[in-house]
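Heads up: the structure comes next, in structure tokens.
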Amino acid sequence: MFYFIICALCVKLSKREYLQWWVLTDQSYFVLNQTNPYFYQLLLTDCWFEINGENKELNFQLKNYKHKLPQIINLCTMIETLNITNSGLKRIDMYFFVFRENLRHLNLSCNLLEIIPDEIFCLKFLKTLDLSKNKLTELPKMIGRLIELESLNLKGNKIIQISENLANLKNLIFLNLSENESLFESTDWYRTLLKHEELFKILNKSNLISIGLDNTGLYYIPKLYVSSTLELISLDNNHLIFLNENFKKFLSLKKINLGYNNFGSFPDVLFELPLLNYIGIENNNITGNIVLKKEYFKSLFQLNLGHNYIKKLIIPSDSLSQINYLYLHNNEITEIDNNFFNLRNLKYLDIRKNCINNISLKEITRDTSLEILIEVNRIEIIKELFLVKNLTYLSVVCKSASEKSEEINLFENLDVKNNLKTLLLESCFLTEIPRGLSKIHTIQNIFLRNNTISYFNAFFINLNDLITLDLSNNRLDTIDGNIFIHPSLRYLNLNNNMINCLPKEINYKKHHLIISLKNNNISLYGGTNCLGLFDISYKVIEKIEVDLHENYTFNYNAKEFYKYMFNNPFGWNLDKIKTIIPTKPKKHSLNGEFVLKIWEENIMKNIKENDTNTEITEYLKNLYGIESKMTYIVKHLDKEKKDTLKDFIEEIFLILYRNMNENSNMISSTILSLTPGIFECYDAQYEHLKRAYYAIKQKEDNFDIIFYINEMIGEIKNEVLSKITTSNELFQNVHILSYWRNELADELGFQKSNTIYGTLTNNTCLNCKEYILYHFFKEFDAYETVKKLHQKINSKGKFITLASKFIFNKIDDEKKIGIYLKYNNLDDMDFSEIKLSGVALILCCFNYTYIQ
Numbered sequence: 010m011f012y013f014i015i016c017a018l019c020v021k022l023s024k025r026e027y028l029q030w031w032v033l034t035d036q037s038y039f040v041l042n043q044t045n046p047y048f049y050q051l052l053l054t055d056c057w058f059e060i061n062g063e064n065k066e067l068n069f070q071l072k073n074y075k076h077k078l079p080q081i082i083n084l085c086t087m088i089e090t091l092n093i094t095n096s097g098l099k100r101i102d103m104y105f106f107v108f109r110e111n112l113r114h115l116n117l118s119c120n121l122l123e124i125i126p127d128e129i130f131c132l133k134f135l136k137t138l139d140l141s142k143n144k145l146t147e148l149p150k151m152i153g154r155l156i157e158l159e160s161l162n163l164k165g166n167k168i169i170q171i172s173e174n175l176a177n178l179k180n181l182i183f184l185n186l187s188e189n190e191s192l193f194e195s196t197d198w199y200r201t202l203l204k205h206e207e208l209f210k211i212l213n214k215s216n217l218i219s220i221g222l223d224n225t226g227l228y229y230i231p232k233l234y235v236s237s238t239l240e241l242i243s244l245d246n247n248h249l250i251f252l253n254e255n256f257k258k259f260l261s262l263k264k265i266n267l268g269y270n271n272f273g274s275f276p277d278v279l280f281e282l283p284l285l286n287y288i289g290i291e292n293n294n295i296t297g298n299i300v301l302k303k304e305y306f307k308s309l310f311q312l313n314l315g316h317n318y319i320k321k322l323i324i325p326s327d328s329l330s331q332i333n334y335l336y337l338h339n340n341e342i343t344e345i346d347n348n349f350f351n352l353r354n355l356k357y358l359d360i361r362k363n364c365i366n367n368i369s370l371k372e373i374t375r376d377t378s379l380e381i382l383i384e385v386n387r388i389e390i391i392k393e394l395f396l397v398k399n400l401t402y403l404s405v406v407c408k409s410a411s412e413k414s415e416e417i418n419l420f421e422n423l424d425v426k427n428n429l430k431t432l433l434l435e436s437c438f439l440t441e442i443p444r445g446l447s448k449i450h451t452i453q454n455i456f457l458r459n460n461t462i463s464y465f466n467a468f469f470i471n472l473n474d475l476i477t478l479d480l481s482n483n484r485l486d487t488i489d490g491n492i493f494i495h496p497s498l499r500y501l502n503l504n505n506n507m508i509n510c511l512p513k514e515i516n517y518k519k520h521h522l523i524i525s526l527k528n529n530n531i532s533l534y535g536g537t538n539c540l541g542l543f544d545i546s547y548k549v550i551e552k553i554e555v556d557l558h559e560n561y562t563f564n565y566n567a568k569e570f571y572k573y574m575f576n577n578p579f580g581w582n583l584d585k586i587k588t589i590i591p592t593k594p595k596k597h598s599l600n601g602e603f604v605l606k607i608w609e610e611n612i613m614k615n616i617k618e619n620d621t622n623t624e625i626t627e628y629l630k631n632l633y634g635i636e637s638k639m640t641y642i643v644k645h646l647d648k649e650k651k652d653t654l655k656d657f658i659e660e661i662f663l664i665l666y667r668n669m670n671e672n673s674n675m676i677s678s679t680i681l682s683l684t685p686g687i688f689e690c691y692d693a694q695y696e697h698l699k700r701a702y703y704a705i706k707q708k709e710d711n712f713d714i715i716f717y718i719n720e721m722i723g724e725i726k727n728e729v730l731s732k733i734t735t736s737n738e739l740f741q742n743v744h745i746l747s748y749w750r751n752e753l754a755d756e757l758g759f760q761k762s763n764t765i766y767g768t769l770t771n772n773t774c775l776n777c778k779e780y781i782l783y784h785f786f787k788e789f790d791a792y793e794t795v796k797k798l799h800q801k802i803n804s805k806g807k808f809i810t811l812a813s814k815f816i817f818n819k820i821d822d823e824k825k826i827g828i829y830l831k832y833n834n835l836d837d838m839d840f841s842e843i844k845l846s847g848v849a850l851i852l853c854c855f856n857y858t859y860i861q
């Protein structure tokens, strides 16, 4: 079994956590409870820890550097891997490493140690020791005691002295001394030379496979150092200008890093190393031409010559036969010919930041795919690159503009059976979409950013595999709306253009499409043929990235905004509408045992789903504290929140109990509607219980028609706000609903709820009050609401009776009754339907609406 335990300040440990600590000890009498003083000390320590019981591994970190390591770690003598990192350790108590014969791997990196504790050298079975990123200044003689050590990491210290006893570690195969900046440096040149000789004399007696000497002040490698076992040597960021002839004896060497040194030419001695598969010699001073020797470097997989002053790389046949990655960026190369592309296994060629003004190629057939990154003087130069078969990725940057670029057919050499997947033409001074782009049917990703393209045509129509289209930083002012409904497109970047309105197709965009429209000049509201930002539907807005003008402000309340934007002939009187708030449930008065009894003996038998019954039972026990083991999401609610949830639970259960013999379907549907949310956060629990309560309350109580209309309007308001804020797939979108319901409670009439969260979204529109109000009033239209009320009232005989009674009493003239009511027999008061005008009349009578 694989366990992880995480502990923070003042958090009690579970029995499982006690057992995990016990696994790391060999003391069967170890007391496994909080009374144990070692655990008590641990709980008072501001720390983080993680235990892997299966591998006997402890990861530990002090969060407060003033605290000491808890003594419980001393008792964990069964630990095989101990990692104490980023803990500000300056010293370790002398008894800390006593009785640690099982310890094999020790990591004390990223601390403040200035000397290596002597006790570490008693760990005779230790295999790996990581002391990187401390403040060590020397490696003492006692290092020779760690005869089983295989890996030693001293990177990032201040070491200036290495003991010759390091040579005693015959099992040591990995040594990292990188970033000890003064390892080879001294105040005088003679001492510097001596330090070189001394250290490499020690290394010469070792069996190292890998050594790291980056950024150590290294000037040269002495001739005395020869290794038949070394496979990797890293010498980046030093003062090297040459490699001596003895380096050709490193016959096992596979990887060498020589970047950021002072080489003026390519080291010829490297040609003599047959197993080399990686050479990194970037950021040096290599000038002129490099002529590779024929039939050499047959194992080389990657060659990095970037950031030099190379003018030409001459590659004979049979050289670099296995090369996959070739980096020549930031040099002075002016021409590309077939030499590069005859490398049959080449997969990646980076030739950016050069002076390419000519590409001279013949048609080249390749078996392996090829990616090219290149910078050219003018865009038309790249036409020759399309003679390379199986080109899958091409990234191009241009230094200057071409004359009549609109007449250039970049793709005239492109074979109809091409396999190009990704094309980047960035900063290439393009004024329009390149001709022929629509014919690359295999293309998946197109990047045309940082140009001056002003017209967006329908080039994408037949690109059935298109996934990404980036046209950011151009001069587009209009968009072809069909791009939003492209079936395969996943990401569309139109940032930093001149777009001022959007096509209507954006509201029908594909579900998976992410659109970025930042830094444009899009108006807030559109016109007849186009849309503004706030016209974007709330159903799609969560995957559309927009921003508002930096000077944007909104100072209206809901009433002022409604009057300004929705001045309709028939509309809402918001002063009355904001008073319509669905009735709250009564304050709970039952104890948990009684509520559980109602559930288990009465309501539960109507539910066929056993999982649902188990979940509701567990939830009730948690909410009322009947079980000692609490579910996390209920356990951490404060009393006020729990009381609110109990109010709804008890009212729901009592209504269901009263209707048990009449409507078992209502019981089943109500309980099933609860389960998706009761084990989520408080906001989700609240929403599910509230909706269930209002849904069943309307089915039971007997009031006049205005009570029910108030409840219906309150429900419709909640449904509209819920639809606007949660008709998306944003994570925990219920918090958006809770936030706006609280924000608009006083202006539109909503019940406030306790919530500690904001909207928990970075979406500009869903965080904007104007956007929310605009869509709320579009959905909560007075006439459309009358139609909804009309449907609800006429769905129940009880509502028809109450509504017709109200209208009949209001209308004195029997001849006008037919305007508002349908009836079978007026004398018998036999009314069959309330007309739309009848519903409108009721609303007007209570001053809920106005008619201009």
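Quick note on numbering: the sequence shown equals residues 10 to 861 in the numbering used here. Glycine included, every Cβ here is placed at the ideal spot set by N, Cα and C. In this text, all values refer to a predicted model and were calculated from it rather than measured experimentally.
#1: Reducing DSSP to helix, strand and coil, say where Gln-70 ends up.
#2: Which whole-angstrom value is the C-beta distance of Thr-86 and Asn-116, which I expect to be below 8 Å?
#3: Could you name the residues of the same chain whose beta carbon sits closer than 8 Å to that of Ile-816, not counting the 5 residues immediately before and after it, in chain order?
#4: With DSSP collapsed to three states, give me the class of Ile-15.
#5: In angstroms with no decimal places, state the Cα-to-Cα distance between Lys-179 and Leu-202.
#6: Where are the alpha helix (DSSP H) runs, 4 residues long or more, that stay fully inside the stretch 697 to 757, in chain order?
#7: What first and last residue would you give for the alpha helix (DSSP H) that runs through Ser-682?
#8: Can you give me the Cβ contacts of Thr-431 inside the same chain, cut-off strictly under 6 Å, excluding the 5 residues immediately before and after it?
#9: What residue does the alpha helix (DSSP H) around Phe-786 start on, and which one ends it?
#10: Could you tell me whether the stretch 355 to 365 touches the stretch 379 to 388, where touching means 3 or more Cβ pairs closer than 8 Å?
#11: Residues in its own chain within less than 8 Å of Lys-819 by CB, not counting five upstream and five downstream?
#12: Could you round the C-beta distance between Leu-522 and Phe-493 to whole angstroms and report it? I think they count as a contact, below 8 Å.
#13: Quick check: what's the CA-CA separation for Asn-466 versus Ile-442?
#14: To which residues does DSSP link Trp-581 through a beta bridge?
#15: Do you know offhand how far Tyr-857's Cα is from Ile-705's?
#16: Under the rule that 16 or more other beta-carbon atoms within 10 Å means buried, what is Gly-806, buried or exposed?
#17: To the nearest angstrom, how far is the alpha carbon of Leu-557 from that of Gly-541?
#18: Does the Cβ of Glu-823 have 16 or more other Cβ atoms within 10 Å, making it buried, or fewer, making it exposed?
#19: Considering only residues of the same chain and omitting the five flanking positions on each side of Leu-845, which have a CB-CB separation below 7 Å?
#20: Using three-state DSSP, classify Phe-350 as helix, strand or coil.
#21: How should Thr-225 be labelled, buried or exposed, when 16 other C-beta atoms within 10 angstroms of its C-beta is the threshold for buried?
#22: Which ranges does the alpha helix (DSSP H) cover as unbroken runs of at least 4 residues, wholly within the stretch 45 to 98, from first to last along the chain?
#23: Alpha carbon to alpha carbon, what distance is there between Tyr-780 and Asn-509?
#24: Could you tell me the alpha carbon to alpha carbon distance between Asn-247 and Ile-152, rounded to whole angstroms?
#25: Whole angstroms is fine: what's the gap from Ile-715's alpha carbon to Phe-808's?
#26: Looking only at C-alpha atoms, which of Tyr-702, Pro-578, Asn-674 sits nearest to Leu-891?
#27: Does DSSP put Val-131 in a helix, a strand or coil?
#28: Pull up the CB-CB distance for Leu-370 and Val-397, whole angstroms please, since I reckon it's below 8 Å.
#29: Along the chain, where does the alpha helix (DSSP H) that runs through Arg-200 open and close?
#30: Cutting at 8 Å between CB atoms, please list the residues of its own chain near Ile-319, excluding the five before and the five after it.
#31: Could you have a look at Asn-529 and say whether DSSP puts it in helix, strand or coil?
#32: Let me check understanding here. Comparing Cα to Cα, which of Leu-632, Ile-733, Lys-321 lies closest to Asn-776?
#33: State the DSSP-derived secondary structure class of Ile-820, mapped to helix, strand or coil.
#34: Report all residues from its chain with a CB closer than 6 Å to the CB of Tyr-334; omit the five preceding and five following residues, and keep chain order.
#35: Could you please give the first and the last residue of the uninterrupted beta strand (DSSP E) stretch that includes Glu-793?
#36: Between Gly-445 and the rest of its own chain, which residues show a CB-CB distance below 6 Å, the 5 nearest in sequence each way excluded?
Answer, in terms of the structure:
#1: Counted from its first residue, the sequence shown places residue 70 at position 61. Here Gln-70 sits in strand by DSSP.
#2: Walking along the sequence shown from the start, residue 86 turns up at place 77. Walking along the sequence shown from the start, residue 116 turns up at place 107. Contact doesn't hold; Cβ gap of about 18 Å is too wide.
#3: Residue numbering aside, residue 816 sits at position 807 when the sequence shown is read from its first letter. Excluding residues within five positions, the ones whose Cβ falls inside 8 Å are Ile-826, Tyr-829, Leu-830, Ile-843, Gly-847, Leu-850, Ile-851.
#4: For the purposes of this step, residue 15 is identified with residue 6 of the sequence shown, where counting begins at 1. Low confidence applies to Ile-15: its pLDDT is 31, below 50, so where it sits in the model is not reliable, and the reading given next is rough at best. Coil at Ile-15, not helix or strand.
#5: In the sequence shown, residue 179 corresponds to position 170, counting from 1. In the sequence shown, residue 202 corresponds to position 193, counting from 1. Using only the alpha carbons, I get a separation of about 26 Å.
#6: Segments of the alpha helix (DSSP H) lying fully in the stretch 697 to 757: 714 to 735, 743 to 752.
#7: As a first step, residue 682 must be located in the sequence shown, where it is residue number 673. 673 to 683 is the span of the alpha helix (DSSP H), which, as asked, contains Ser-682.
#8: Reading the sequence shown from its first residue, position 422 is the one you call residue 431. Tyr-402, Asn-454, listed in sequence order.
#9: Taking the sequence shown and counting its residues from 1, the one referred to as residue 786 is at position 777. Start and end: 778 to 788.
#10: yes
#11: If you number the sequence shown from 1, residue 819 lands on position 810. Closer than 8 Å at Cβ, skipping near neighbours: Leu-850, Cys-854.
#12: Translated into positions along the sequence shown, residue 522 becomes position 513. Translated into positions along the sequence shown, residue 493 becomes position 484. The Cβ separation is near 7 Å, so the contact holds.
#13: The count along the sequence shown starts at 1 and reaches residue 466 at position 457. The count along the sequence shown starts at 1 and reaches residue 442 at position 433. Cα to Cα, Asn-466 sits roughly 8 Å from Ile-442.
#14: Here residue 581 refers to the residue found at position 572 when the sequence shown is read from its first residue. Thr-858.
#15: Sequence index remark: in the sequence shown, residue 857 carries index 848 (1-based). Sequence index remark: in the sequence shown, residue 705 carries index 696 (1-based). If I take the Cα positions, the gap works out to 25 Å.
#16: Stepping through the sequence shown from its first residue, residue 806 is reached at position 797. Exposed, because fewer than 16 other Cβ atoms sit within 10 Å of the Cβ of Gly-806.
#17: Here residue 557 refers to the residue found at position 548 when the sequence shown is read from its first residue. Here residue 541 refers to the residue found at position 532 when the sequence shown is read from its first residue. Cα to Cα, Leu-557 sits roughly 12 Å from Gly-541.
#18: Locating residue 823 in the sequence shown gives position 814, where the first residue counts as 1. Exposed is the call here.
#19: Position 836 of the sequence shown, counted from the start, is the residue given in the question as residue 845. Correct list, in chain order: Val-795, Lys-796, His-799.
#20: Here the question's residue 350 lines up with position 341 in the sequence shown. Helix.
#21: Taking the first residue of the sequence shown as position 1, residue 225 is located at position 216. Per the 10 Å Cβ criterion, buried.
#22: For the stretch 45 to 98, whole alpha helix (DSSP H) runs of length 4 or above, ordered along the chain, are 46 to 52, 81 to 84.
#23: As a working note, residue 509 is residue 500 in the sequence shown. As a working note, residue 780 is residue 771 in the sequence shown. Whole-angstrom Cα-Cα distance: 18 Å.
#24: By 1-based counting over the sequence shown, the position of residue 247 is 238. By 1-based counting over the sequence shown, the position of residue 152 is 143. Taking the straight line from one Cα to the other gives about 27 Å.
#25: As a first step, residue 715 must be located in the sequence shown, where it is residue number 706. As a first step, residue 808 must be located in the sequence shown, where it is residue number 799. Those two C-alpha atoms are separated by around 10 Å.
#26: Outside the shown range of the chain, which is 10 to 861, sits residue 891, and nothing can be said about it.
#27: As a first step, residue 131 is located in the sequence shown; it is residue number 122 there, counting from the start. Per the sequence shown, the amino acid found at residue 131 is Cys instead of Val. Helix, per DSSP.
#28: Indexing the sequence shown from 1 puts residue 370 at position 361. Indexing the sequence shown from 1 puts residue 397 at position 388. Indeed, because the Cβ distance is near 7 Å, the residues count as touching under 8 Å.
#29: One-based indexing of the sequence shown puts residue 200 at position 191. Note, Arg-200: alpha helix (DSSP H), 198 to 212.
#30: Here residue 319 refers to the residue found at position 310 when the sequence shown is read from its first residue. Within the same chain, Ile-319 has close Cβ partners Ile-295, Thr-296, Gly-297, Asn-298, Ile-299, Leu-337, Asn-340, Glu-341, Ile-342.
#31: Here the question's residue 529 lines up with position 520 in the sequence shown. It is coil, neither helix nor strand.
#32: If you number the sequence shown from 1, residue 776 lands on position 767. Ranking Leu-632, Ile-733, Lys-321 by Cα distance to Asn-776 puts Ile-733 first.
#33: Residue numbering aside, residue 820 sits at position 811 when the sequence shown is read from its first letter. Note: Ile-820 maps to coil in three-state DSSP.
#34: Indexing the sequence shown from 1 puts residue 334 at position 325. So the list reads Gln-311, Tyr-357, once near-sequence residues are dropped.
#35: For this step, residue 793 is matched to residue 784 along the sequence shown. It is not in any beta strand (DSSP E) - Glu-793 instead sits in the alpha helix (DSSP H) that spans 791 to 802.
#36: By one-based count along the sequence shown, residue 445 stands at place 436. Asn-418, Phe-420.
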